[in-house]
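Colleague:
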Amino acid sequence: MTTPAARRGVLLVGHGSRDPLALAEVRAFAEAFRARRPDWRVELAFVELTPPPLVEALDTLAAEVDEVLVVPLFLFTARHVKNDIPLALTLVRQRHPAVRFVAVQAFGVHPSLAQLAHARFEAAVGGPLPVDVAAKTAVVMLGRGSSDPDANGDFVKLTRLFAEGRGLAQVVPAFVGVTTPKLEEALDLLARARAERVVVVPYLLFTGLLLQKVREQVARFGERYPWVRAELAPHLWDGPTEPLLAHVERRIEDALAGGAPLPCDTCQYRVPLAGLQREVGGLRALLWSIRHRETHTQAAPHPHAHRALEKHVLICGNADCADRGSLGLLDAVRRRLKVFGKARTVRVTRTSCMGRCGEGPTVAVYPDGVWYRGVTEADAGELVDEHLVGDRLVGRLVDNIMS
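In structure tokens, the structure reads:
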């Protein structure tokens, strides 16, 4: 039985972000899709970090329509699409037995998306490249990166679709985080391969803090290799958006036709992939989703009921450093911080071995990335006064500065 358009709801599901620019783009996507399909009730929800939460939005929409299409605004089918959305649907289906809920696929691998990425590439280089220029131009296709091998594999496949028939010197995949190769590794590789021009194509749906990080990395690459022309292409939403909106409609049509199920044949929770056999099982999927929501929310920037930490000081308390007086040092640092009223904004933690045995006591200060060695209780005052309060290095004690 076909649901009348007026009784059909579409819930677009984003990841969520603390970045207002990223949220503005997600909401612009929802507005554009709403204008495209005024006959449907189109709403927006988020998996984490941003209201409204997924289950709450599903409940609200289900109270007003007969059918709800759940559309993930995710480029690939990773853990949020495999776990969080199905778990939410299991819950709301029990609450709203008269409503039909349909899970739509993520964007996935499709020639139209590879073509869209190439359009962003051409926007960066000023249009189609002559054959001889293309042959000297390399591309880094840059994905978000995931701990899900299925998503990473799909990204590499899409990178290959992008490269086919373009005549470019090289097209290599790289990732912002989580997995390898990282962007800087890929850029260095292309520089050593003597590419004259390198274009980074960020295969990211919306803007955000990650893109700022990417801009900085591309700029640093240009400083290290000034003879290589380095450029950053626009991300997917930054440009003509018709292909993205059309692709979402295509995914919805597939779902309504009963096709395009989740790719369970390569899902680490359902098939024992090499090296990941222990992940198989619905219980593990459930536990991962619960743990991820909790830890990600805690780790992400969020409003604090307390003052945010300024620094975190790690002091080795293992046997060798303890024998050299690290515990007295730890106590002296804490007491000195109280004098400056910094006891709540500079955290001091005793750690296990920090790998500097024979050179301790070892102290590391983050987020500065400064490691000190041979720090004694007598140095506590100088360490606190100069570095932890005055933001000046205690040069005579410095062991290393981590980048």
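Take the sequence shown: its position 151, counted from the start at 1, is 150 in numbering that gives the first Met the number 0, and no numbers get skipped. Glycine residues also receive a C-beta, built at the ideal position from the N, C-alpha and C atoms.
(1) Quick one: using the 10 Å Cβ neighbour count with 16 as the cut-off for buried, is residue 399 buried or exposed?
(2) Quick one: complete beta strand (DSSP E) runs, 3+ long, within the stretch 94-166?
(3) Please classify residue 223: is it buried, with 16 or more other beta-carbons within 10 angstroms of its beta-carbon, or exposed?
(4) Does the beta-carbon distance from residue 235 to residue 203 come in below 8 Å?
(5) Taking the alpha carbon of residue 193 as the reference point, which residue from 216, 200, 225, 213 has its own alpha carbon closest?
(6) Evaluate contact between the stretch 330-338 and the stretch 366-384, counting only Cβ atoms and requiring at least three cross-stretch pairs below 8 Å.
(7) Anyone know if the C-beta pair for residue 103 and residue 256 falls short of 8 Å?
(8) Going by C-alpha distance, which of 326, 132, 388 is nearest residue 361?
(9) Short of 6 Å in beta carbon distance, which residues of its chain neighbour residue 142, apart from the five on each side in sequence? Order them along the chain.
(10) Taking only the alpha-carbon atoms, compute the straight-line gap between residue 45 and residue 394 and give it to the nearest angstrom.
(11) At 4 residues or longer, what runs of the alpha helix (DSSP H) sit wholly inside the stretch 162-205?
(12) Work out the CA separation of residue 147 and residue 53 for me, nearest whole Å.
(13) Which residue wins for smallest C-alpha separation from residue 486, given the options 347, 138, 185?
(14) Which same chain residues end up closer than 8 Å to residue 60 when comparing Cβ atoms and leaving out the 5 residues on each side of it in sequence?
(15) Using the Cβ count rule (16 or more neighbours within 10 Å means buried), how would you classify residue 320?
(16) Bridge partners of residue 314, per DSSP?
(17) For the 8 Å Cβ check, are there 3 or more pairs between the stretch 119-135 and the stretch 180-190?
(18) If we ignore side chains and look at the alpha-carbon of each, how far apart do residue 93 and residue 364 end up?
(19) Please work out which residues of its chain come closer than 7 Å, Cβ to Cβ, to residue 390, disregarding the five sequence neighbours upstream and downstream, and give them in chain order.
(20) What residues are listed by DSSP as bridge partners for residue 399?
(21) Please state whether DSSP places residue 66 in a helix, a strand or coil.
(22) How many angstroms separate the CA atom of residue 344 from the CA atom of residue 308?
(23) Kindly confirm or deny that the stretch 111-121 and the stretch 159-168 touch, where touching means at least three C-beta pairs closer than 8 Å.
(24) Given a threshold of 16 other Cβ atoms within 10 Å of its Cβ, counted over all protein chains shown, does residue 396 qualify as buried or as exposed?
(25) So is residue 38 buried or exposed if we call it buried at 16+ other beta carbons inside 10 Å?
(26) Would you grab the beta carbon distance between residue 350 and residue 315 for me? Rounded to a whole angstrom, and I think it's under 8 Å.
(27) Is it the case that the Cβ atoms of residue 312 and residue 355 are separated by a distance below 8 Å?
(28) Would residue 374 and residue 335 be called neighbours here (beta carbons separated by less than 8 Å)?
(29) Just confirm the distance between the C-beta atoms of residue 91 and residue 58, as a whole number of angstroms; I'd bet it's less than 8 Å.
(30) Give me the residue from 13, 33, 34 with the minimum Cα distance to residue 25.
(31) Does DSSP classify residue 231 as helix, strand or coil?
(32) The beta strand (DSSP E) that contains residue 11, what's its start and end?
(33) Would the beta-carbon of residue 213 fall within 8 Å of that of residue 199?
Modeller: So, to answer that:
(1) exposed
(2) 99-102, 136-142
(3) exposed
(4) yes
(5) 225
(6) yes
(7) no
(8) 326
(9) 154, 174, 202
(10) 47 Å
(11) 182-191
(12) 21 Å
(13) A question about residue 486 goes unanswered here, because the residues of the chain that appear run from 0 up to 402.
(14) 8, 10, 40, 42, 67
(15) buried
(16) 349, 362
(17) no
(18) 51 Å
(19) none
(20) 370
(21) strand
(22) 4 Å
(23) yes
(24) buried
(25) exposed
(26) 6 Å
(27) no
(28) no
(29) 6 Å
(30) 13
(31) strand
(32) 7-13
(33) yes
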